[in-house]
Amino acid sequence: MPDDISVPLAQAFTATLNRLRGAMREPLSALPVSLGPPDIGLLQFLLNTPGATPQCLARHQARDKAQLTRKIKTLEAQGLIRREADPHDGRKVRLFLSEQGQAMADAAEQVRRAAFAELLQGLSRSEQEQLLGLLQKCQQPLE
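Just so we're aligned, residue 337 is where the sequence shown starts under this note's numbering, counting upward by one.
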């Protein structure tokens with residue numbers, strides 16, 4: 337189909353994500369603990385949602401529970417997060433950032449903001465708002 341824009345759109349979207357990851361890779365490697373973009377997302381979520389359950393985190397991260405359980409164990413071993421029993425239901429676990437985890441989340445957020453500022457520097461505020469609206473609209477059918 338000659339009018340199909342999905343292929344170039346997918347290519348542009350993937351290339352943009354890859355460039356964003358690339359822009360973050362070097363600054364993130366300078367942090368005291370090795371973190372990748374998915375780790376940053378996880379720490380940021382816990383920074384904004386302290387006490388989240390692993391199930392809630394898995395839904396937000398769009399990752400399967402087994403994969404997320406391994407990642408939680410790794411971040412816990414690195415001293416970045418801690419688990420606490422739910423005070424209302426001892427069978428449930430709640431996740432929190434440690435002090436070191438909060439410091440890493442803050443540092444990673446600075447890296448993320450700088451990378452996004454570089455990525456978006458060619459767009460006006462109005463274009464950035466339009467892009468945000470379009471991306472949010474794209475997410476709706478996937479939820």
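All C-beta atoms in this analysis are idealised placements derived from N, C-alpha and C, irrespective of residue type, glycine included.
Buried versus exposed, by CB contacts within 10 Å (16 or more), arginine 430: Position 94 of the sequence shown, counted from the start, is the residue given in the question as residue 430. It is buried - the Cβ of arginine 430 has at least 16 other Cβ atoms within 10 Å.
Selected residue, minimal CA-CA separation from phenylalanine 432, among Gly426, Ile417, His424 and Met440: The count along the sequence shown starts at 1 and reaches residue 432 at position 96. Comparing alpha-carbon positions, the option among Gly426, Ile417, His424 and Met440 lying closest to phenylalanine 432 turns out to be Ile417.
Backbone secondary structure at glutamate 431 - three-state DSSP: Taking the sequence shown and counting its residues from 1, one reaches residue 431 at position 95. This sequence places leucine at residue 431; glutamate is not what is there. Annotated three-state conformation of leucine 431 is strand, per DSSP.
Alanine 351, DSSP secondary structure in three states: Position 15 of the sequence shown, counted from the start, is the residue given in the question as residue 351. Residue state, collapsed to three classes: helix.
Counted within 10 angstroms of its Cβ, other Cβ atoms place aspartate 422 as buried (16 or more) or exposed: Along the sequence shown, one-based indexing puts residue 422 at 86. Exposed: under 16 other Cβ atoms inside 10 Å.
DSSP state of alanine 394 mapped onto helix, strand, coil: As a first step, residue 394 is located in the sequence shown; it is residue number 58 there, counting from the start. Annotated three-state conformation of alanine 394 is helix, per DSSP.
Residue burial classification, aspartate 375 (beta-carbon count within 10 angstroms, cutoff 16): Position 39 of the sequence shown, counted from the start, is the residue given in the question as residue 375. Within 10 angstroms of the beta-carbon of aspartate 375 lie 16 or more other beta-carbons, which makes it buried.
Proximity below 9 angstroms, CB of leucine 378 to CB of glutamine 397: Within the sequence shown, the letter at position 42 stands for residue 378. Within the sequence shown, the letter at position 61 stands for residue 397. In contact: leucine 378 and glutamine 397 (Cβ atoms closer than 9 angstroms).
Short Cβ contact (9 angstroms threshold) for phenylalanine 452 with leucine 364: Mapped onto the sequence shown, residue 452 falls at position 116. Mapped onto the sequence shown, residue 364 falls at position 28. In this structure, leucine 364 does not lie closer than 9 angstroms to phenylalanine 452 by Cβ.
Beta-bridge pairing of glutamate 420 - partner residues as DSSP gives them: The count along the sequence shown starts at 1 and reaches residue 420 at position 84. DSSP, once it has assigned bridges, lists Arg430 as partnering glutamate 420.
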